[in-house]
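Peer 1: My structure is below; once you've seen it, I'll send some questions.
Chains as they are written, first to last, in my numbering: chain P, 1111 to 1624; chain C, 145 to 212.
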């Protein structure tokens, strides 16, 4: 691997130090009693439009996104751009569905999706299914954030064997764990602001400077092989790459706000207006993500994957090394330091929110529901803080001892699993027509079928559905959530007929809007 | 206006803008082509980036039109 880049490393360390201080100082920001779960785990629901913008942005557009989307463009071409329609269609969902959820959660003091499902359907087992799915789907996601840090640390030239190789990651991790423990959601919210300024500066500079260095966009795209430039036009009797592209965008969008960390970001907003305004403002990040995806093509045009000094990096990290290599190749060391710090800090923000979200879920919907029904506020907050540590240690152990490809595959499965909570959570925001046991059966059918289909396709995202001689390749998550809904809809009248007693709904129609 | 009051939290015709937004974003045959290029960027890429901006404007329109 290349030598240690001291200038870049120094800047990286200084910026990391600054945000660590900020993370601890955040405990005093918009001060609240951090011994209450909604203060520690939702920042007291005090974040206005702008802070919510940074927080949800830091949540959705993670370090892994910044590494993996351009890496996919570099490796697979046009299909990577599905991230753009994906992040176009999430915002109407935010505007319509999640504003309703915000209102009902605010009204009843719900902190998690499990809380809402428990209150809405009065079925603790359905709430448990939603909770466990949320926690299990989040874990590999946290692990992938650590991969993001690992890649930039490797690109700074720090290498070695055994403990010394993992030491920088361990340090970053301890800092993350400590400030999350002490400051709760306020830490990632304050750091998200700094992180975004750094990311925007990096992205803007790169999108202007690199095309000039490479002789313009015309030359860049001319260097991209025609097979990668566009989606393959489908042959006869198949919808080919088109249905794959569209369902990937659709399924990812439906899954996104079901992830516990997204919901935590949304619920910490101070008003429904803040949510709706954000639906119009958050596409600012989509635009940046689209530009970042183009970096994959810059890598091809610059040919950095063929330069000997980066061969070791590509060998170790695969196409995930594409963006760091491009930045190293195109910019002076001081700027590389800023850019890498942006990516590294970009990993801390979502990792913190994810561990808080998983901790909230465990505390509210497992511990309080099944172990200790009446904890004091202080006990509840204490449990959540400890669980946030356990969750992060789990992710760290995973990254240190399990090959990265398993984290990626688990995250892929996580998307298929989390979408199975769509009927109780998203449709639950509109109707409680469904029988809660039918929803549980639908969830089980979708989860089982999704896992089986993913294994049958050797853990790739799309499943070739064959109907009447036609092939419809599509994102497994979309097919299985349709199955889930069908099972829930068919079984609802059956289960209703078997039992005349419907559990109480804590919520009323007026709770769902201002 | 009284009708609008009643419909709080319900359906609004402005939401059709979201339907347009979805339909275009999820229909790849519409934009899967190279020409016309914009400053050297194939249509596939610049159109989708443009659609991000159009969608944000649509959402803003719905926000102001349905503000209560």
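Backbone N, C-alpha and C fix where the C-beta goes; we use that ideal spot for every residue, glycine too.
Secondary structure at residue 1623 of chain P, three-state DSSP: helix, strand or coil?
Peer 2: Coil, per DSSP.
Peer 1: How many angstroms separate the CA atom of residue 1446 of chain P from the CA atom of residue 1579 of chain P?
Peer 2: Roughly 52 Å separates the two Cα atoms.
Peer 1: Show which residues of chain P have a CB atom less than 9 Å away from the CB atom of residue 158 of chain C.
Peer 2: Neighbours of residue 158 of chain C on chain P: none; closest Cβ ~11 Å, over 9 Å.
Peer 1: What residue from P:1204, P:1139, P:1546 and P:1510 has the CA that sits closest to residue 1167 of chain P's CA?
Peer 2: The candidate whose alpha carbon is nearest that of residue 1167 of chain P is P:1204.
Peer 1: Give me the residue from P:1472, P:1510 and P:1507 with the minimum Cα distance to residue 1494 of chain P.
Peer 2: Of the candidates P:1472, P:1510 and P:1507, the one whose C-alpha sits nearest the C-alpha of residue 1494 of chain P is P:1472.
Peer 1: Residue 1230 of chain P and residue 1478 of chain P - do their beta-carbons sit closer together than 7 Å?
Peer 2: Contact flag unset, no.
Peer 1: If you measure beta-carbon to beta-carbon, which residues of the stretch 1395-1420 of chain P are closer than 8 Å to chain C?
Peer 2: Cβ contacts with chain C come from 1396, 1397, 1400, 1401 and 1404.
Peer 1: Does DSSP classify residue 1324 of chain P as helix, strand or coil?
Peer 2: It is coil, neither helix nor strand.
Peer 1: With distances taken from CA atoms, which of P:1363, P:1567, P:1442 and P:1483 is nearest residue 1201 of chain P?
Peer 2: Cα-wise, what sits closest to residue 1201 of chain P is P:1363.
Peer 1: Within this structure, are the beta carbons of residue 1159 of chain P and residue 1384 of chain P separated by less than 7 Å?
Peer 2: It is a contact, given that the beta carbons lie within the stated cut-off.
Peer 1: Identify the contact partners of residue 195 of chain C in chain P, using a Cβ-Cβ distance below 7 Å as the criterion.
Peer 2: In chain order: 1198.
Peer 1: Can you give me the C-alpha to C-alpha distance between residue 149 of chain C and residue 1386 of chain P, rounded to a whole angstrom?
Peer 2: Because residue 149 of chain C sits at a pLDDT of 42, beneath the cut-off of 50, its placement in the model cannot be relied upon, and the point is left open.
Peer 1: How far does the alpha helix (DSSP H) with residue 1577 of chain P in it extend, from its first residue to its last?
Peer 2: Note, residue 1577 of chain P: premise wrong, no alpha helix (DSSP H); beta strand (DSSP E) at 1572-1577.
Peer 1: Using a Cβ cut-off of 7 Å (strictly closer), state whether residue 1194 of chain P contacts chain C.
Peer 2: So, interface residue.
Peer 1: Give a yes or no on whether the minimum CB-CB distance between residue 1615 of chain P and chain C is below 7 Å.
Peer 2: No, residue 1615 of chain P does not count as interfacial toward chain C.
Peer 1: Residue 183 of chain C versus chain P: which residues are under 7 Å apart at the beta carbon?
Peer 2: Per Cβ cutoff of 7 Å: 1327.
Peer 1: Rounding to the nearest angstrom, what Cα-Cα distance links residue 157 of chain C and residue 1598 of chain P in this structure?
Peer 2: Rounded to the nearest angstrom, the two C-alpha atoms are 30 Å apart.
Peer 1: I'd like to know whether the C-beta of residue 1386 of chain P is nearer than 7 Å to at least one C-beta of chain C.
Peer 2: Yes, contact with chain C.
Peer 1: Any idea what DSSP makes of residue 1617 of chain P, helix, strand or coil?
Peer 2: Coil, per DSSP.
Peer 1: So what does DSSP say about residue 1184 of chain P, is it helix, strand or coil?
Peer 2: In this structure, residue 1184 of chain P counts as helix in the three-state DSSP scheme.
Peer 1: Please report the straight-line C-alpha distance between residue 1624 of chain P and residue 1382 of chain P, rounded to a whole angstrom.
Peer 2: Taking the straight line from one Cα to the other gives about 7 Å.
Peer 1: Using a Cβ cut-off of 7 Å (strictly closer), state whether residue 1599 of chain P contacts chain C.
Peer 2: So no, residue 1599 of chain P is outside the interface.
Peer 1: Could you give the distance in angstroms between the alpha-carbon of residue 1560 of chain P and the alpha-carbon of residue 1530 of chain P?
Peer 2: Approximately 9 Å between the Cα atoms of the pair.
Peer 1: At a Cβ cut of 8 Å, what residues of the stretch 164-192 of chain C count as close to chain P, listed as they run along the chain?
Peer 2: Listed by position along the chain: 165, 166, 169, 170, 171, 172, 173, 176, 177, 178, 181, 183, 184, 185, 186, 188, 189 and 192.
Peer 1: Could you tell me the distance, in whole angstroms, from the CA atom of residue 204 of chain C to the CA atom of residue 1390 of chain P?
Peer 2: If I take the Cα positions, the gap works out to 5 Å.
Peer 1: Decide yes or no for the touch test of the stretch 1214-1230 of chain P against the stretch 1414-1421 of chain P: beta carbon pairs closer than 8 Å, at least 3 of them.
Peer 2: Touching, no, given that fewer than three Cβ pairs across the two stretches are closer than 8 Å.
Peer 1: Any C-beta of chain C sitting closer than 7 Å to the C-beta of residue 1171 of chain P?
Peer 2: It does not; no Cβ of chain C falls within 7 Å.
Peer 1: Judging by CA-CA distance, which residue of P:1151, P:1254 and P:1260 is the nearest neighbour of residue 1522 of chain P?
Peer 2: Measuring from the Cα of residue 1522 of chain P, the nearest candidate turns out to be P:1254.
Peer 1: Output yes if chain C places a C-beta closer than 7 Å to the C-beta of residue 1352 of chain P; else output no.
Peer 2: Yes, its Cβ sits closer than 7 Å to a Cβ of chain C.
Peer 1: What's the C-alpha gap between residue 1186 of chain P and residue 1285 of chain P?
Peer 2: Roughly 36 Å between the two C-alpha positions.
Peer 1: Considering only the alpha carbon of each residue, which of P:1584, P:1534 and P:1262 lies closest to residue 1282 of chain P?
Peer 2: Ranking P:1584, P:1534 and P:1262 by Cα distance to residue 1282 of chain P puts P:1262 first.
Peer 1: To the nearest whole angstrom, what separates the beta carbons of residue 1341 of chain P and residue 172 of chain C, a pair I think is in contact under 8 Å?
Peer 2: At roughly 6 Å, the Cβ-Cβ gap stays under 8 Å, so residue 1341 of chain P and residue 172 of chain C are in contact.
Peer 1: I need the straight-line Cα distance from residue 1367 of chain P to residue 1244 of chain P, nearest angstrom please.
Peer 2: Answer to the nearest angstrom: the Cα atoms are 11 Å apart.
Peer 1: Quick one: what does DSSP say residue 1266 of chain P is sitting in, helix, strand or coil?
Peer 2: Looking at residue 1266 of chain P - three-state DSSP - the assignment turns out to be coil, as it is neither helix nor strand.
Peer 1: For residue 1582 of chain P, which residues does DSSP report across the bridge?
Peer 2: DSSP, once it has assigned bridges, lists P:1575 as partnering residue 1582 of chain P.
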